[in-house]
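There are 4 protein chains.
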Amino acid sequence: MARPRTPDKPARILQAAVKVFARKGYFAARVSEIAREAKVADGTIYLYFRNKEDILVSLFDRTMSEHILKGREELRCVRGVRASLQTIAEHHLRLLGGNRDLAVVFQVELRQSTKFMERFTASWLKDYLALVSQVIEEGQRDGTLRRDLPRGLLTKAFFGILDEMVTSWVLSRKRYDLGKEAAPVVDLLLRGAGASPARPDTRGRRG
Amino acid sequence: MARPRTPDKPARILQAAVKVFARKGYFAARVSEIAREAKVADGTIYLYFRNKEDILVSLFDRTMSEHILKGREELRCVRGVRASLQTIAEHHLRLLGGNRDLAVVFQVELRQSTKFMERFTASWLKDYLALVSQVIEEGQRDGTLRRDLPRGLLTKAFFGILDEMVTSWVLSRKRYDLGKEAAPVVDLLLRGAGASPARPDTRGRRG
Amino acid sequence: MARPRTPDKPARILQAAVKVFARKGYFAARVSEIAREAKVADGTIYLYFRNKEDILVSLFDRTMSEHILKGREELRCVRGVRASLQTIAEHHLRLLGGNRDLAVVFQVELRQSTKFMERFTASWLKDYLALVSQVIEEGQRDGTLRRDLPRGLLTKAFFGILDEMVTSWVLSRKRYDLGKEAAPVVDLLLRGAGASPARPDTRGRRG
Amino acid sequence: MARPRTPDKPARILQAAVKVFARKGYFAARVSEIAREAKVADGTIYLYFRNKEDILVSLFDRTMSEHILKGREELRCVRGVRASLQTIAEHHLRLLGGNRDLAVVFQVELRQSTKFMERFTASWLKDYLALVSQVIEEGQRDGTLRRDLPRGLLTKAFFGILDEMVTSWVLSRKRYDLGKEAAPVVDLLLRGAGASPARPDTRGRRG
DNA sequence: AATGAATGAGAGTTCATTCAT
DNA sequence: AATGAATGAACTCTCATTCAT
Chain A
97 MARPRTPDKP ARILQAAVKV FARKGYFAAR VSEIAREAKV ADGTIYLYFR
147 NKEDILVSLF DRTMSEHILK GREELRCVRG VRASLQTIAE HHLRLLGGNR
197 DLAVVFQVEL RQSTKFMERF TASWLKDYLA LVSQVIEEGQ RDGTLRRDLP
247 RGLLTKAFFG ILDEMVTSWV LSRKRYDLGK EAAPVVDLLL RGAGASPARP
297 DTRGRRG
Chain B
97 MARPRTPDKP ARILQAAVKV FARKGYFAAR VSEIAREAKV ADGTIYLYFR
147 NKEDILVSLF DRTMSEHILK GREELRCVRG VRASLQTIAE HHLRLLGGNR
197 DLAVVFQVEL RQSTKFMERF TASWLKDYLA LVSQVIEEGQ RDGTLRRDLP
247 RGLLTKAFFG ILDEMVTSWV LSRKRYDLGK EAAPVVDLLL RGAGASPARP
297 DTRGRRG
Chain C
97 MARPRTPDKP ARILQAAVKV FARKGYFAAR VSEIAREAKV ADGTIYLYFR
147 NKEDILVSLF DRTMSEHILK GREELRCVRG VRASLQTIAE HHLRLLGGNR
197 DLAVVFQVEL RQSTKFMERF TASWLKDYLA LVSQVIEEGQ RDGTLRRDLP
247 RGLLTKAFFG ILDEMVTSWV LSRKRYDLGK EAAPVVDLLL RGAGASPARP
297 DTRGRRG
Chain D
97 MARPRTPDKP ARILQAAVKV FARKGYFAAR VSEIAREAKV ADGTIYLYFR
147 NKEDILVSLF DRTMSEHILK GREELRCVRG VRASLQTIAE HHLRLLGGNR
197 DLAVVFQVEL RQSTKFMERF TASWLKDYLA LVSQVIEEGQ RDGTLRRDLP
247 RGLLTKAFFG ILDEMVTSWV LSRKRYDLGK EAAPVVDLLL RGAGASPARP
297 DTRGRRG
């Protein structure tokens, strides 16, 4: 029985695709360039992926499923809304902040078209937002979070802020540690931007 | 002396482009389809736009310059951080919430590639975020806003929430009034999502 | 009755066309560029020429008819084969050697296609070669020229040499006086390139 | 390992191109027509040639390099100026006289523009004329050729006559054997067109 | 399983020409 | 007569995908 000369071709192809998509953009990326980068023949790609679009989709699917899985696991050991949100935020920011090419693909290339976006929203993003929503619901139930704001708004706000943090980081020339932004983001979300004269000591306490 | 046989061709072309881009996506959109929609010949488009990309760019430029101008004007009559932010938020949400095709183009099609995004960020978005940033600075100076959070974070958070509201609305099948979200968004941003036991009456007041 | 604001539009257009054709080549030349060079509107050109090709054709027609007319006139005052051939050669070389752009158009651009070449050969070139042929016939009749060579060969040889002189001059970066080549060309044609030991004094006699 | 399904694609494409260029002219020739004639897909052409222009250029390059090589070889076995020139002339006239399509391409299509002509002159034509020039130099050195005529003039004259013979043949409807013209051409060049009563026996001696 | 030569559909753009003014 | 805005046909070349080896 013939064995693949090098193992894990699909993974290598996906890795190559991230590089090429990030460098050139999805449309300008050439399948043959991905093949070259992955050191396989053009045709080999079609043994593992239906077409160019399927590469992008698979990329998203694998990354998200893994990400969500890990997120769920880690959340199991965490108690409290603030800690939970911060865990999610850190995960989110570290995943993308730790791999610039992946971040470019997720923030930019994956948003080619409503078709893509609807597809992604309907599949993994829904799960991801459900994860967030669950934490928020818990918070609203136990009185940690305001109940006068719709849960959907809070979820979108949380995701929207994180998403913008990443996009901004991707487009910025500065290289800073995205993960460190998790804490302030959560703090902003929970306590708001407004100064409260009734809590003048707030700042001192939290450094 | 030859006169344009029908006036306002560029505007008609842009209008047609919004429709077609929203329907098909930028890449799948055919220049000849835009021409047909605008009721001009294919070649006529190239009298007013350098190429297909220039149509998209011009679309963004004209919309943003107008939007920012109006925003600045309206802000002149407004006092206070909350009111200012709400003005901006309403503007933002109403502009896009009032024209679904435009929203699709702005939320999805314009984000094709880092090239586009960098270009847009560098031009109008910078101005737009500066507008927001200015309001925030004012708030931090007069003590309305917390000073322990970096201004950049607040700006990104504000924009990120609005952006996600619009994207979510674009992708949702439900048709709701985006403009109405302005108030809760600003409230969330200013007061945070966290319930404050020190302010137990908060809810009652606003409920 | 409306008069043309500037006279002689067709001539100005042809003049402009020579410039543009020489600079860009016939195919790459844009009708609108010829119009700009001639300082007329694009449409004006079509009042005087059927189409782009007609500009080139007219150029050739006018130049050749004038050239042949002048040639015939001048030949009337000339006696002898050598003098006649030299008159023609000088005419030929001076016409083109005196206007580089025209030379480029005649040596290069007019030879676009067999269609053009057949057309030109059939019209003016035929007349031109007939003029040469006539001189040669005369020479063969009066014994000045060898009768063992077909008249057609002599005609082609004469024209071929002149043509190559011009082409070579057009493509050369050096700027020399083409007209001065007429005498040696005719001498070569008449006496040949071979040294004749029987006529060792030949050179001295002719200086 | 993938193999070409049919061998010698580039050669077949060039052959097809000669046909199509000769029939339609370079500009009017459609790449897809060349493909059809060569029985390959349009895209296949671009595996072997950069673009349409490159087909024409390759055509010239391959033909000329082969032609010059053969010419040099054959010249090695030949002694004397007359014989050498006649060898070259025969080669020249037979190459093109033996393939009407090729002749059309070389005499007409390749002379599209100064760009082409300069390119060709600078590459192979230079080599070709050098070959001729060498023979002439030899002749001038050993006293066979007149020294009072510049070598460049003789070279141009020789090439000009041959070139005109071919062009004339291409444009003529008559089908005659071009190769047979080599001898009279060389004779004309060497002995000239002028009758020399002083050398009645010349022909007999050298014929 | 892997290859890569071959395929061929498909679209942006140019520019000669027209014609309402 | 003159203009120049508008037209729309036409064509090269690219590149995702296939399939014989």
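Chains as they are written, first to last, in the working numbering: chain A, 97 to 303; chain B, 97 to 303; chain C, 97 to 303; chain D, 97 to 303.
Virtual Cβ for every residue (Gly too), placed ideally from N, Cα, C.
Residue-level contact check: G121 of chain B touches chain A, since one or more beta carbons of chain A fall below 8 Å from its beta carbon. Across the stretch 264–289 of chain A, CB contacts with chain B closer than 8 Å involve S264, V266, L267, E277, P280, V281, D283, L284, L285, L286, R287, G288 and A289, in sequence order along the chain.
By the neighbour-count criterion, in which 16 or more other beta carbons inside 10 Å mark a residue as buried, S161 of chain A falls on the exposed side. Excluding residues up to 5 positions away in sequence, R108, I109 and A112 lie with their Cβ nearer than 6 Å to the Cβ of A134 of chain D in the same chain. Assigned with DSSP and collapsed to three states, G139 of chain A falls in helix. The alpha-carbon of V136 of chain C is positioned some 42 Å away from that of C173 of chain C. By the criterion of a C-beta distance shorter than 7 Å, F216 of chain D is surrounded in its chain by F156 and L206, once the five residues flanking it on both sides are discounted. Taking one beta carbon from each stretch, the stretch 254–272 of chain C and the stretch 232–244 of chain D have fewer than 3 pairs nearer than 8 Å; the two do not touch. At least one CB of chain B lies nearer than 8 Å to the CB of L249 of chain A.
Only buried fits A131 of chain B, as 16 or more other CB atoms lie within 10 angstroms of its CB.
Listed as beta-bridge partners of L241 of chain D by DSSP are C:G290. D197 of chain B and A118 of chain B have their C-alpha atoms spaced approximately 5 Å apart. A Cβ of chain C is located within less than 8 Å of the beta carbon of Q208 of chain D. Those residues of the stretch 177–192 of chain D placed with their C-beta closer than 7 Å to a C-beta in chain C do not exist. Under the Cβ criterion of 8 Å, R242 of chain B is counted among the residues facing chain A. Under the 8 Å criterion on CB atoms, L245 of chain D is classed as interfacial with respect to chain C.
Proximity of chain B to K148 of chain A at the Cβ level (cut-off 8 Å) is not reached, the minimal Cβ distance being about 12 Å.
Annotation note: the stretch 114–182 of chain D contains the following uninterrupted alpha helix (DSSP H) runs of length 4 or greater, listed N- to C-terminal: 127–134, 138–144 and 148–172.
By the CB criterion at 8 Å, V281 of chain D and L258 of chain D fall inside the cutoff. If you compare the alpha carbons of C:K115, C:A124 and C:K105 with that of S209 of chain D, the shortest gap goes to C:A124. DSSP places G275 of chain D within a helical segment (H, G or I) once states are collapsed to three. For D259 of chain C, the residues of chain D that pass the 7 Å Cβ criterion are G256 and E260, in the order they occur in the chain. For M213 of chain D, a Cβ of chain C is located within less than 8 Å of the residue's own Cβ. Sorting C:G290, C:R242, C:M213 and C:R243 by C-alpha distance to the C-alpha of R247 of chain D places C:G290 at the top. Relative to A279 of chain B, the option among B:S292, B:T263, B:S264 and B:F254 whose CA is nearest is B:F254. Residues of chain B with a Cβ closer than 7 Å to the Cβ of A291 of chain A are, in chain order, G239, T240, L241 and R242.
D283 of chain C and R242 of chain D have their C-alpha atoms roughly 11 Å apart.
One thing to note: V228 of chain A has its Cβ no nearer than 8 Å to the Cβ of I164 of chain A. For A253 of chain D, the chain C residues whose C-beta falls within less than 9 Å of its own C-beta are A253, G256, I257, E260, M261, V281, L284, L285 and A289, listed in chain order. Burial state of L181 of chain A is buried, judged by a 10 Å Cβ sphere holding 16 or more other Cβ atoms. In this model, D238 of chain C and I141 of chain D are separated by some 60 Å (Cα to Cα).
When C-beta distances to chain B are compared with 9 Å, every residue of the stretch 136–163 of chain A stays at or above that value.
Inter-residue distance for T159 of chain A and K211 of chain A is about 19 Å (C-alpha atoms, whole angstroms). Closer than 8 Å to the CB of V200 of chain A there is at least one CB belonging to chain B. Per the C-alpha coordinates, the member of B:E170, B:G167, B:V127 and B:L245 positioned closest to D150 of chain B is B:V127. DSSP places Q208 of chain C in no alpha helix (DSSP H); its state is neither H nor E.
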